[in-house]
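Residue numbers (this note's numbering): -14 to 147.
In this text, a Cβ means the ideal position worked out from N, Cα and C, and glycines have one as well.
All figures in this text were calculated on a predicted structure; none of them were measured in a lab.
Before any comments, here is the structure.
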């Protein structure tokens, strides 16, 4: 708690601001019997790759994941956090967590992508057939099956193949 103190020394008055701290107790988790921090704070299905503050607690300065013995996460949550970290890296949400390049390093030029966003020629790309039954189409994998329970933004279930 900050407070102001006046000290008289002869004809001089010294006014100081002092902080007398009372140690604050850490808040109690709602589920103290949980085996990992995420289970203890009931965050099991409430985070996604956009929650950068939560994810950055489990990262090294250069962007790698800390091991489970350091973070104290259970196996299931460690895999989910790992998947969310990968997705956040790909989305560019963790710009400060990337390895430092040596001084004078010039990156290689990336190959130009064609209009199908692939490096291969257009003739080799198989077309996506819009006609036919849904069960007959080859569906494209989207997202990760590890995160299927995590965050839902609508009543409809998450579709992992589109």
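- Cβ atoms of residue 70 and residue 39 stay farther apart than 8 Å, at about 10 Å.
- Only buried fits residue 73, as 16 or more other CB atoms lie within 10 angstroms of its CB.
- Residue 2 and residue -4 have their C-alpha atoms roughly 20 Å apart.
- By the criterion of a C-beta distance shorter than 6 Å, residue 0 is surrounded in its chain by -9, once the five residues flanking it on both sides are discounted.
- In this structure, residue 57 lies away from residue 82, with their beta-carbon atoms at least 8 Å apart.
- Annotation for residue 63: the continuous alpha helix (DSSP H) segment containing it runs 60 to 76.
- Looking at the DSSP output, residue 42 bridges to nothing.
- Residue 132 and residue 68 have their C-alpha atoms roughly 8 Å apart.
- If you draw a straight line from the Cα of residue 94 to the Cα of residue 75, it is about 19 Å long.
- When DSSP reads this structure, residue -2 sits in a beta bridge with -7.
- For the options 118, 29, 6 and -6, the alpha carbon positioned closest to that of residue 59 is the one of 29.
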